[in-house]
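Only one structure is covered here, and it is reproduced in the block below.
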Amino acid sequence: MIWLKDSFKKAYVEKFIEIQGSMPNTGTSWEKYRALVVLIKEKMKISQAAESMNDSSPDQEKQVYYFSLEFLIGKLLSYYLINLGIKDVVQEGLEELGIDLEDLIAEENDAALGNGGLGRLSACYLDSMAFLGIPGQGNGIRYKYGLFQQKIVNGFQVELPDNWLKNEYPWEMRKSDNTVVVKFKGHVRTESIKGKLTFFHEDYEPVLAVPYDIPMLGYGNLNRINNLRLWSAEPIKDDLDWVSFNQGDYSKAVAYRSEVEAISYILYPEDSSHAGRELRLRQEYFFTAAGLSTIIRYFKKKNNSFSGFARKVAIHINDTHPALCVPELMRIFMDEEDLGWDEAWNITVNTISFTNHTILPEALEKWPVEIMKSQCPRIYMIIEEIDRRYREEMHHMHPEKRDLIEHTAIIRDGQIHMAHLAVIGSNSVNGVAELHTKILKTQVLKDFYTIYPYKFNNKTNGVSHRRFLLEANPDLSRLISESIGEDWIRQSESLEKLLPYTSDTAFLEKLADVKYHNKCRLANYINDKMNIQVDPSSIFDIQVKRIHAYKRQLLNILKIMDLYNRWREDPSMDIYPTTFIFGGKVAPGYQYAKSIIKLITTMAQRINTDPALGGKMKVIFLENFNVSLAEMIYPAADISEQISTASQEASGTGNMKFMLNGAITLGTLDGANVEIRRAVGDENIAIFGLKANEVMNYYQWGGYKSWEEYQNFPRLKRVVDQLVDGSLGSSNEFAGIYESLLRDNDQYFVLKDFRSYTDTWQKVNLWYQHKLSWASSCLVNIGKGGVFSSDRAIKEYADDIWHVPYQNEIPG
Ligand code: 26Q
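Be aware that the sequence shown starts at 1, since it is given in full-length UniProt numbering, and climbs by one per residue.
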């Protein structure tokens with residue numbers, strides 16, 4: 001225990017006085033929050049210093065660097081108090097000082113430096129690395145503005161800037177001493193010096209990369225505090241001099257400053273399309289080059305040759321966004337450290353590993369050669385050379401397979417294929433669920449799989465069960481710990497010890513009570529925010545995730561429209577009252593998905609104000625879904641909607657968070673749902689719809705005939721017609737949706753899966769009414785949820801890809 005209550009109180013009051021010059025009771029909540037964070041940070045540094053001393057041992061531990069353009073970390077204070085084991089002490093201590101800890105927790109801004117699944121995954125992985133004692137550091141961008149905040153105005157999404165740094169972010173520490181220069185634009189002069197070609201990058205635009213560090217503190221592991229290093233772009237100090245010296249032009253100086261600051265200004269809010277914007281490329285090169293330069297500097301402090309580099313360093317790239325690691329590491333080795341191509345290439349490939357997160361063709365990154373050449377001229381030369389050597393080697397090995405070479409080359413038709421660069425330049429390529437990895441091997445990257453079968457492997461995603469169960473659902477956590485002890489917090493698989501309770505009626509009743517209580521909490525939130533009353537004893541049927549055509553929020557709302565039609569026709573219909581809850585953001589330019597939100601909010605307005613329904617249904621669109629809200633929603637769910645078109649969702653991670661909180665999945669056999677079904681068994685999940693291979697067969701033959709589906713099922717025809725027949729108002733709002741279903745042949749098989757979805761939903765609704773059977777299935781989901789912890793995932797990465805040890809034992 002780092003503090004007993006009285007020593008905490010004393011330390012806190014002293015810290016507050018030191019910072020504010022007054023007693024805590026005179027301060028604002030913000031000041032009280034900041035003082036607490038500063039105090040904890042200082043306490044953490046003590047052991048951090050001890051750690052860096054350990055690290056001076058001659059045999060330096062292997063470091064893992066996780067490169068990602070997104071880290072969706074959410075709030076840290078409450079979570080760190082749990083990880084430090086001092087939440088109760090702090091809460092009681094503050095209470096005695098007349099301070100409510102909840103008020104301080106509320107002051108913290110969510111750090112929303114990510115869009116969704118991929119960004120939250122990297123945050124969960126840092127968490128598990130810290131817990132497992134792996135020296136694992138994150139590397140990313142300190143965006144001045146995170147993911148936009150969503151407001152719903154007249155039923156439409158409106159985006160507001162996320163000014164999360166407005167007040168200051170007390171967890172971060174600016175490390176000016178570790179600033180580096182990243183060079184853009186200019187040109188490369190080649191000279192032969194003593195018979196060796198030497199490259200000089202000239203007339204470049206210098207950008208200062210200033211690191212800000214955020215400590216990553218794992219549960220019960222004070223000995224290892226990892227670091228998330230986020231880079232901020234700044235103009236060089238004497239930018240006016242520099243610019244006027246080079247260009248003699250004041251307006252250019254202004255342009256220089258704003259072009260530089262743009263790099264770390266804002267997170268791109270698209271999570272499934274790649275627009276090929278120059279600024280995005282500058283972001284990618286910026287944090288890649290900055291991150292690598294710290295790695296090299298740290299390595300050189302401890303080693304005098306690069307031959308052991310890949311044994312001491314693992315660099316993981318989260319999707320292709322950091323794929324410029326490959327040519328940049330080559331550049332450093334060759335141009336700065338004087339290694340030859342072959343040696344540099346060997347070390348580079350052996351150091352880098354790559355995770356793919358999507359098969360959507362529109363999300364695959366390709367950069368026009370011209371943009372790469374002008375922004376990163378030396379990097380472009382190296383990519384060209386990697387491509388040339390790759391083609392040459394393939395030609396040598398498979399002289400007859402010209403197609404193979406064309407399909408897998410890095411540069412083709414004036415475009416640089418980042419996934420190809422990442423596969424060729426790394427030693428490991430993984431997908432994020434078994435089905436997804438199989439699709440990579442057999443479809444998306446199948447040519448590469450024939451060339452490098454040994455590189456491909458699966459790492460099914462995992463989530464931090466300590467954040468999404470222990471922290472988010474304290475009542476359930478208490479019930480679990482009272483029954484099976486606390487092992488599960490460190491060993492998620494211990495949740496299996498709950499399985500014997502599936503036949504224990506008293507336990508199942510307690511489980512149902514906990515759920516009810518969590519639903520009350522969410523119902524109160526909805527009432528406060530939206531002034532809508534929802535019944536906590538109704539079924540909470542929830543779909544929260546980014547809004548996207550392939551995730552099929554449309555299928556869900558069509559189901560609700562159908563139900564509403566039927567209920568109005570037959571008020572005696574035997575359906576258990578249900579509250580349908582949606583949440584999620586849309587990329588600002590994605591009009592189609594925006595109209596889906598409008599459709600949901602339009603139906604919500606209708607249904608929630610229809611007195612004839614007698615409150616049997618409610619529809620809620622919760623605005624601004626983010627990590628903090630997610631932590632309130634998952635614990636309150638009965639049904640977890642995971643209804644993507646089979647084959648399209650690489651894994652999903654929300655599905656795992658719901659499961660760990662005892663919700664039943666209603667889903668397709670897509671992504672990790674396949675593995676969830678295998679874990680819980682067919683009787684504890686509700687599966688419907690086309691299978692991935694069926695969908696892909698249709699795609700191969702040009703789709704299916706959605707018109708027939710529509711014509712042959714009157715209930716379906718009716719809801720589709722309602723999109724355009726004036727029943728939802730006179731505007732033409734939903735014509736685009738209608739066209740996507742009928743004219744564009746329903747790419748995501750919404751109509752095709754409608755019957756099977758509504759039938760399955762209805763069975764689930766009946767099932768819920770058998771309270772004990774339902775609760776027992778919920779418990780199976782919790783008990784089997786342990787394998788979907790990010791601890792499990794990180795252990796697999798550590799064993800199979802990074803080759804680093806971890807500590808897994810409960811300390812004595
Ligand atoms: C690319 C280029 C330019 C601008 C933006 C992007 C971009 C940004 C974010 C492309 C994709 C993303 C995010 C993708 C993502 O979140 N994928 C999800 O990753 C999860 C974690 O592996 C999976 O569970 C989800 O299935 C997958 O959709």
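We put the CB at the ideal spot given by N, CA and C, even for glycine.
- Among the bridge pairs identified by DSSP, Asn139 is matched with Phe67 and Arg229.
- The alpha-carbon of Leu470 is positioned some 39 angstroms away from that of Thr348.
- Judged by DSSP secondary structure, Asp541 falls outside any alpha helix (DSSP H) and instead within the beta strand (DSSP E) spanning Ile539 to Val544.
- By the CB criterion at 9 angstroms, Pro377 and His187 fall inside the cutoff.
- Apart from the 5 residues on each side of it in sequence, Tyr204 sits with its Cβ closer than 8 angstroms to the Cβ of Lys183, Phe184, Lys185 and Gly186 in its chain, given in chain order.
- Of the candidates Asp670, Ile539 and Asn556, the residue whose Cα lies closest to the Cα of Ala663 is Ile539.
- DSSP links Tyr576 through a beta bridge to no other residue.
- The set of residues whose C-beta lies within less than 6 angstroms of a heavy atom of the ligand 26Q reads, in chain order, Asn115, Gly116, Gly117, Leu118, Leu121, Tyr268, Glu270, Asp271, Ser272, His274, Arg280, His357, Thr358, Ala363, Glu365, Val432, Asn461, Glu649, Ala650, Ser651, Gly652, Thr653 and Gly671.
- Here Pro368 has Gly276, Gly414 and Gln415 as same chain residues with Cβ atoms under 7 angstroms from its own Cβ, once five neighbours each way along the sequence are excluded.
- Boundaries of the beta strand (DSSP E) harbouring Phe621: Met617 to Leu622, taken from the DSSP string.
- Straight-line measurement puts the Cα of Asp744 at about 16 angstroms from the Cα of Val695.
- In terms of Cα proximity to Lys45, the closest of Gly93, Asn227 and Trp802 is Asn227.
- About 6 angstroms separates the beta carbon of Phe734 from that of Leu599, a gap short enough to meet the 8 angstroms contact definition.
- For Arg174, the beta-bridge partners assigned by DSSP are Tyr212.
- At a Cβ-Cβ threshold of 9 angstroms, Ser789 and Ser128 count as neighbours.
- Residue pairing of Gln150 in beta bridges, as defined by DSSP: Glu159.
- Annotation: the continuous alpha helix (DSSP H) that includes Ser483 extends over Pro474 to Ile484.
- In this model, Asp6 and Ile99 are separated by some 15 angstroms (Cα to Cα).
- Lys15: member of the alpha helix (DSSP H) spanning Lys5 to Gln20, first to last residue.
- In the DSSP assignment, Pro206 is bridged to Lys183.
- Between Glu284 and Ala323, the C-beta spacing is below 9 angstroms.
- Taking all protein chains in view, the Cβ of Gly583 is crowded by 16 or more other Cβ atoms within 10 Å, so the residue is classified as buried.
- Under the criterion of beta carbons closer than 8 angstroms, Gly689 and Ala646 qualify as touching, at roughly 6 angstroms.
- Annotation: the continuous alpha helix (DSSP H) that includes Asn527 extends over Thr505 to Met530.
- The beta-carbon distance between Arg546 and Lys585, rounded to whole angstroms, is 6 angstroms. This is short enough to meet the 8 angstroms contact definition.
- When beta bridges are read from the DSSP output, Arg412 appears opposite Gln415.
- Contact check between the stretch 67–84 and the stretch 110–126: three or more CB pairs, one atom from each, fall below 8 angstroms, which counts as touching.
- Note that the C-beta distance between His316 and Phe354 is below 9 angstroms.
- Taking C-beta atoms as the reference points, Tyr710 and Val720 count as a pair closer than 9 angstroms.
- The stretch 188–203 makes no contact with the stretch 141–160: fewer than 3 CB pairs, one atom from each, lie closer than 8 angstroms.
- Residue Arg466 holds the alpha-carbon nearest to the alpha-carbon of Asp487 among Ser22, Tyr501, Arg466 and Ala506.
- Membership of Ile451 in any beta strand (DSSP E) is not indicated; the residue belongs instead to the alpha helix (DSSP H) covering Lys446 to Ile451.
- In the three-state DSSP reduction, Asn684 falls in the helix class (H, G or I).
- When Glu328, Lys366, Arg391 and Asp562 are compared, the shortest CA-CA separation from Ile379 is found for Glu328.
- Relative to the Cα of Ala209, the nearest Cα in the group Asp342, Ala289, Arg792 and Glu393 belongs to Ala289.
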